[in-house]
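Novice:
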Amino acid sequence: MAGDTILETRGLTKEFKGFVAVKDVNLAVERGTIHALIGPNGAGKTTCFNLLTHFLTPTRGQIHFKGREITGSRPADIARMGLVRSFQISAVFPKLKVLENVRIALQRHRGHSFDFWRPERVLDALNARADALIEAVGLVGFEATAAGELPYGRKRALEIATTLALEPEMMLLDEPTAGMTHEDVERISALIKRVAADRTVLMVEHNLSVVATLSDRITVLARGEVLAEGHYDEVSRHPAVVEAYLGTAHA
Amino acid sequence: MAVLFAVAPWVGLYPVFVMKVLCFALFACAFNLLIGFGGLLSFGHAMFLGTAGYVSAHAAKEWGLPPELAILAGTAASAALGVVTGLIAIRRQGIYFAMITLAIAQMMFFFYLQAPFTHGEDGIQAVPRGRLFGVLDLSQPMAMYYTVLAIFLFGFLVVYRAIHSPFGQVLKAIRENEPRAISLGYDAERYKLLAFVLSATLSGLAGATKALVFQLASLTDVHWTMSGEVVLMVLLGGMGTIFGPVVGALVIITLENYLAPFGQWVTIITGLIFVVCVLAFRRGIVGEFAAWMERRRARPGG
Chain A
1075 MAGDTILETR GLTKEFKGFV AVKDVNLAVE RGTIHALIGP NGAGKTTCFN
1125 LLTHFLTPTR GQIHFKGREI TGSRPADIAR MGLVRSFQIS AVFPKLKVLE
1175 NVRIALQRHR GHSFDFWRPE RVLDALNARA DALIEAVGLV GFEATAAGEL
1225 PYGRKRALEI ATTLALEPEM MLLDEPTAGM THEDVERISA LIKRVAADRT
1275 VLMVEHNLSV VATLSDRITV LARGEVLAEG HYDEVSRHPA VVEAYLGTAH
1325 A
Chain B
747 MAVLFAVAPW VGLYPVFVMK VLCFALFACA FNLLIGFGGL LSFGHAMFLG
797 TAGYVSAHAA KEWGLPPELA ILAGTAASAA LGVVTGLIAI RRQGIYFAMI
847 TLAIAQMMFF FYLQAPFTHG EDGIQAVPRG RLFGVLDLSQ PMAMYYTVLA
897 IFLFGFLVVY RAIHSPFGQV LKAIRENEPR AISLGYDAER YKLLAFVLSA
947 TLSGLAGATK ALVFQLASLT DVHWTMSGEV VLMVLLGGMG TIFGPVVGAL
997 VIITLENYLA PFGQWVTIIT GLIFVVCVLA FRRGIVGEFA AWMERRRARP
1047 GG
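Heads up: the protein sequence lines correspond to chains A and B, in order.
Residue numbers for the first sequence follow our numbering, beginning at 1075 and rising by one.
Residue numbers for the second sequence follow our numbering, beginning at 747 and rising by one.
#1: Tell me whether the region 945 to 959 of chain B and the region 763 to 780 of chain B touch, counting them as touching only if at least three CB pairs, one residue from each stretch, are closer than 8 Å.
#2: Could you check the C-alpha separation between residue 881 of chain B and residue 960 of chain B for me, to the nearest Å?
#3: Can you find at least 3 beta carbon pairs, one from the region 822 to 829 of chain B and one from the region 893 to 904 of chain B, that sit closer than 8 Å?
#4: Which same chain residues end up closer than 7 Å to residue 794 of chain B when comparing Cβ atoms and leaving out the 5 residues on each side of it in sequence?
#5: Taking CB distances under 8 Å as the criterion, tell me whether residue 980 of chain B reaches chain A.
#6: Would you call the CB atoms of residue 1211 of chain A and residue 1231 of chain A closer than 8 Å?
#7: Could you tell me the distance, in whole angstroms, from the CA atom of residue 1264 of chain A to the CA atom of residue 1315 of chain A?
#8: Among the residues of its own chain, which have a CB less than 7 Å from the CB of residue 789 of chain B, if the five just before and after it don't count?
#9: Mind reading off the beta-carbon distance from residue 1121 of chain A to residue 1130 of chain A? Whole number of angstroms is fine, and I expect it under 8 Å.
#10: Listed in chain order, which residues of the region 897 to 915 of chain B have Cβ atoms closer than 9 Å to some Cβ of chain A?
#11: Using the beta-carbon count (16 or more within 10 Å), is residue 922 of chain B buried or exposed?
#12: Taking Cβ positions, are residue 1204 of chain A and residue 930 of chain B nearer each other than 8 Å?
#13: Around the C-beta of residue 915 of chain B, are 16 or more other C-beta atoms found within 10 angstroms, so that it is buried, or is it exposed?
#14: Flag this pair as yes or no: are the beta carbons of residue 976 of chain B and residue 804 of chain B separated by less than 8 Å?
#15: Give me the chain B residues within the contact set of residue 1219 of chain A, using Cβ-Cβ distance strictly less than 7 Å, ordered along the chain.
#16: Please report how far the alpha carbon of residue 800 of chain B lies from the alpha carbon of residue 867 of chain B, in whole angstroms.
#17: So, does the region 981 to 993 of chain B touch the region 1018 to 1031 of chain B, judging by three or more C-beta pairs under 8 Å?
#18: Can you confirm whether residue 929 of chain B, when its beta carbon is compared against all beta carbons of chain A, has any partner nearer than 8 Å?
#19: Ignore the nearest five residues each way along the sequence and tell me which others in residue 1325 of chain A's own chain have a CB closer than 8 Å to its CB.
#20: Quick one: what's got a C-beta closer than 8 Å to residue 1024 of chain A's C-beta in the same chain, skipping five residues either side?
#21: Please tell me whether residue 922 of chain B has its Cβ less than 8 Å away from any Cβ of chain A.
#22: Here's a check: name, in chain order, each residue in its chain whose Cβ is nearer than 8 Å to the Cβ of residue 890 of chain B, leaving out the five neighbours to either side.
#23: Please report the Cβ distance between residue 1234 of chain A and residue 1262 of chain A, rounded to the nearest whole angstrom; I am assuming they are in contact, meaning their Cβ atoms lie under 8 Å.
#24: Looking at C-beta atoms only, is the number of pairs between the region 1288 to 1299 of chain A and the region 1086 to 1099 of chain A that lie closer than 8 Å three or more?
#25: May I have the straight-line CA-CA distance separating residue 833 of chain B from residue 1260 of chain A, to the nearest angstrom?
#26: For residue 1124 of chain A, report the span of its alpha helix (DSSP H) as first-last.
#27: By the 9 Å beta-carbon criterion, what residues does the region 1157 to 1189 of chain A contribute toward chain B?
#28: To the nearest angstrom, how far is it from the Cα of residue 1202 of chain A to the Cα of residue 1173 of chain A?
#29: Rounded to whole angstroms, what's the CA-CA distance from residue 1049 of chain B to residue 979 of chain B? Just pull it up for me.
#30: Tell me which same chain residues have a C-beta within less than 8 Å of the C-beta of residue 1271 of chain A, skipping the five on either side of it?
#31: Starting from residue 1043 of chain B, find everything on chain A with Cβ-Cβ shorter than 8 Å and list it in chain order.
#32: In chain order, which beta strand (DSSP E) runs of at least 3 residues are fully inside the region 1238 to 1267 of chain A?
#33: Within 8 Å (strictly less), CB to CB, does residue 734 of chain B reach chain A?
#34: Which residues in chain A have a C-beta closer than 9 Å to the C-beta of residue 925 of chain B? List them in chain order.
#35: Report the neighbours of residue 1193 of chain A on chain B: residues whose CB is nearer than 8 Å to its CB, in chain order.
#36: How long is the line joining the alpha carbons of residue 1291 of chain A and residue 1108 of chain A, rounded to whole angstroms?
This is how it looks when you write it as structure tokens:
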């Protein structure tokens, strides 16, 4: 392989009381690719995300990002290093307006925002950037709407715009198209493809047609373990994968 | 609002009463910054009001500091206490956060009850008001009045600015969705700590000013009921609104003043108001009014 690895886990394991959610996962995501993490419910996909961004602490194993170990780094620091996640349940700031939601992320480029003595107006300089992102996800006309009042699909779009605003080197998207209408799915897929041109994406996704069209590489998890890895065509024919998805295939 | 308060003593309102309202309004605004915009319910805010009161009263009376330095000393003491309390409490959320602040406030209460410099039940009495910057004689009621008004307006503007600042935006984001704010790279605890210290400092400013106005620092201001009272003021006036805490403080202090002849009944009446407020109009006076205006505006053709 020519490309270099941006994110790597070694023996990543998470045990909860009496049950292993993630078991000895070795994952290597190549820079500049879209890597999908799929698997049946309860396979440990979201737990994996929580471990990578240190919303959960692994029981064993290491995580390396851009060649540095981040296993023990704090979540906010990991985000500042350029590894930014989205959430399965739509994560917006419900009472803030759409524009403000995006601006919160853009504000990060200013460094820390501990300046409580400065007027909000200083943030207006970010509006042009925010508007461009809002347009990219198809939310024009909703700028002044409270994020909590948006329909589900548009909340997800807003969340992606907010994540993109950070210009992360790598995005972790947790089911970006879940609960979306058909048109929304197409728009978001196109958007992911576009933004992935100059960054790396690792996503959990249930919609297999999205996975098939978007991803360069797929890792299949089942009961916390890696079942198979490879391109969509290889993975989808893998007997263990078929079995995991359809139950005992030859029953 | 500034104009209203500026003319208040000339339309027959008793200056000491208005000054009391202003001190509590500042206290409530400071508390509102924390609960209304940071989403943090402190149940020990009396310690910041009372600590500043004791320190500034002691500084003015025993050390002979001029009023501006006495107030500064009291405010600084509350800010320092805010940093220590904040560092301990901010790691927990919801009820645990409230309980930790209450526990620390109770410890402070018993410290002040026992410490000799506070004179226990008697409090520090006959605190000299002195001359502001060596020139303005604060024993003149009007000089004191406008000094208090200036301090209140300063505090109010600090809160207003903080809420509408880049910092305020992040604080609101953390209140709305803390995990998401963290995932965007914001260190939620440090933002909450800053909000907590700001709130403690301004509560201290209110307490220090109050001690000079009444020339008294007493246990009342560090008692847990005071922590409860400020919650009531903010809830009644409208949590998370700009003017709510001022209205809440005005209503509560007015009730306490005019119902004073009924003695213990005041407690029952304020308790009733609290229940009615929480059950019937949760947004508080200002919050409900704003919502009503919004509905009127939204009505087609209205």
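Think of the CB as a built atom: it goes at the ideal place given N, C-alpha and C, for glycine as much as any other residue.
Small disclaimer: the values here were computed from a predicted structure and weren't measured.
Specialist: So, from the data block:
#1: yes
#2: Near 20 Å, if we compare the C-alpha coordinates of residue 960 of chain B and residue 881 of chain B.
#3: No: the two stretches stay apart, fewer than three of their Cβ pairs being nearer than 8 Å.
#4: 824, 827, 828, 946, 949, 950, 953
#5: No, residue 980 of chain B lies away from the interface with chain A (no Cβ there is under 8 Å from its Cβ).
#6: In this structure, residue 1211 of chain A places its C-beta atom within 8 Å of the C-beta atom of residue 1231 of chain A.
#7: C-alpha separation (whole angstroms): 27 Å.
#8: 844, 847, 848, 973
#9: 7 Å
#10: 904, 907, 908, 909, 910, 911, 912, 913, 914, 915
#11: buried
#12: no
#13: buried
#14: The answer is no: Cβ separation not under 8 Å.
#15: Near residue 1219 of chain A there are no residues of chain B at all, since even the closest Cβ is about 14 Å away, more than 7 Å.
#16: 13 Å
#17: yes
#18: yes
#19: Low per-residue confidence applies at residue 1325 of chain A: pLDDT is 39, beneath 50, and the placement is therefore not dependable enough to give any value.
#20: A question about residue 1024 of chain A goes unanswered here, because the residues of chain A that appear run from 1075 up to 1325.
#21: yes
#22: 761, 765, 875, 884, 958, 959
#23: 7 Å
#24: yes
#25: Their backbone Cα atoms lie some 47 Å apart in a straight line.
#26: 1119 to 1126
#27: So the close ones are 1158, 1159, 1160, 1161, 1165, 1166, 1167, 1168, 1169, 1170, 1174, 1175, 1177, 1178, 1179, 1181, 1182, 1184, 1186, 1187, 1188, 1189.
#28: 10 Å
#29: Residue 1049 of chain B lies beyond the stretch modelled for chain B, which goes from 747 to 1048, so this question has no answer here.
#30: none
#31: Listed along the chain, the chain A residues whose CB falls inside 8 Å of the CB of residue 1043 of chain B amount to none; the nearest CB is some 14 Å away.
#32: 1244 to 1248
#33: Any answer about residue 734 of chain B is impossible in this case: the structure gives chain B only from 747 up to 1048.
#34: 1129, 1149, 1161, 1165
#35: 907, 910, 911
#36: Rounded to whole angstroms, the separation of the alpha carbons of residue 1108 of chain A and residue 1291 of chain A is 7 Å.
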